[in-house]
Amino acid sequence: MKLNERSLAFYATCDSPADNAGFLYKRGERHTAYHRRWFVLKGNMLFYFEERESREPVGVIVLEGCTVELCDSAEEFAFAIRFGGTKSRTYVLAAESQAAMEAWVKSLSRASFDYMRLVVRELEKQLEEMRWGPAGGCGGCRPLPGSWKPKPSGSERSPERLLALPTVLPKENGCAVWNNAPGADRPPDTSSCGGYDSEGNPRPPPLPPRRRASSSEAGSAVVAAAESPSIFCRLHEQYGQEVARLRQDWLERRRGPRP
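So that you can map any letter, position 205 of the sequence shown is 205 in UniProt numbering, and since no number is skipped, the others follow by simple counting.
Structure follows, in structure tokens:
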């Protein structure tokens, strides 16, 4: 690993918060004597200085691919940082108290990215169990790996409930487009529990009843989606006949009663 000394020195002494800091006794690599050093833990890097007021660190230990465990040593409250490999160095450190040793072992064990990756996986697993537990999901169906996992809101969604369309559909070249509606680009739920057909395509909502809007519903838009050109033709013909009848009634009323 290639590290820039100036960048490391700046990172070690900058004002960014440290995960842990304090004095530890570090055993030498060649000599077994222990030296008191000031240690600063930031992320997965453990810096150590000769004194607390030192402006540059003496060294740095990258805490990746290592284990932190207690060890037998002449110093009390000793622990070791061991790396895999036959030629890897083992760092033996000693704290000044039992509480300090436990705090350092805990913080050093959680400093690596491997540990953070395990934590993220565990949180994702718990979140999936909360979403698709006995009270969640639809009918006990489980999603396929990597499938989209919608977050249920409000009351439980039954399998028969279809997805609702937005009040106003977006338009493309002046025509409403079903696939461009918000939420249409979401991956389909292949577990056949939502409003999708066997091929994974979203099902259109049912057609609204043909009735006149009441005063309480004034101002609310009624959205209808056509499933195929044949349905659209039938709808066009039905509404055209109704418009023709209304126009004929209007013309008769305009002419007045017949003598």
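Even for Gly, the Cβ is constructed at its ideal location relative to N, Cα and C.
Residue 38: first and last residue of the uninterrupted beta strand (DSSP E) it sits in: 34 to 42
What three-state label does DSSP hand residue 26 in the structure shown? strand
Is the beta carbon of residue 41 less than 8 Å from the beta carbon of residue 21? yes
Buried or exposed: which applies to residue 92, given that a residue is buried once 16 or more other Cβ atoms fall within 10 Å of its Cβ? buried
Start and end of the beta strand (DSSP E) containing residue 70? 66 to 70
The stretch 83 to 101 touching the stretch 110 to 122, judged by at least three CB pairs closer than 8 Å: no
If you draw a straight line from the alpha carbon of residue 57 to that of residue 68, how long is it in whole angstroms? 22 Å
Consult DSSP for residue 63 and reduce its assignment to one of helix, strand or coil. coil
Any heavy atom of the ligand MG closer than 7 Å to the beta-carbon of residue 116? Among the ligands in the structure shown, none appear at all, so the ligand MG cannot be discussed.
Could you give the C-beta distance for residue 79 and residue 66, rounded to a whole number, given that I count them as a contact under 8 Å? In fact, because the Cβ distance is near 12 Å, the residues do not count as touching under 8 Å.
Since I believe residue 24 is in contact with residue 104 (beta carbons under 8 Å), could you give me their beta-carbon distance rounded to a whole number of angstroms? 7 Å
Taking its Cβ as the centre, do 16 or more other Cβ atoms sit within 10 Å of residue 39, making it buried, or is it exposed? buried
Take the Cβ of residue 10 as the centre, count every other Cβ of all protein chains shown within 10 Å, and call the residue buried at 16 or more, exposed below. exposed
Proximity winner among 239, 53 and 43, relative to residue 17 (alpha-carbon distances): 43
How should residue 239 be labelled, buried or exposed, when 16 other C-beta atoms within 10 angstroms of its C-beta is the threshold for buried? exposed
CB of residue 50 within 8 Å of CB of residue 37, strictly: yes
Could you tell me how far apart the beta carbons of residue 34 and residue 75 are, in whole angstroms, since I believe they sit closer than 8 Å? 6 Å
Quick one: what does DSSP say residue 105 is sitting in, helix, strand or coil? helix
Backbone CA spacing between residue 253 and residue 246 [nearest angstrom]: 11 Å
Residue 19 vs residue 109 beta-carbon contact at 8 Å: no
With respect to the alpha helix (DSSP H) encompassing residue 121, which residues constitute its N-terminal and C-terminal limits? 113 to 131
Assigned exposure category for residue 112 - 16 Cβ within 10 Å defines buried: buried
Across which residues does DSSP place residue 94 in a beta bridge pair? 25 and 78
Below 7 Å CB to CB, which residues in the same chain sit around residue 59 once its five sequence neighbours on both sides are set aside? 48
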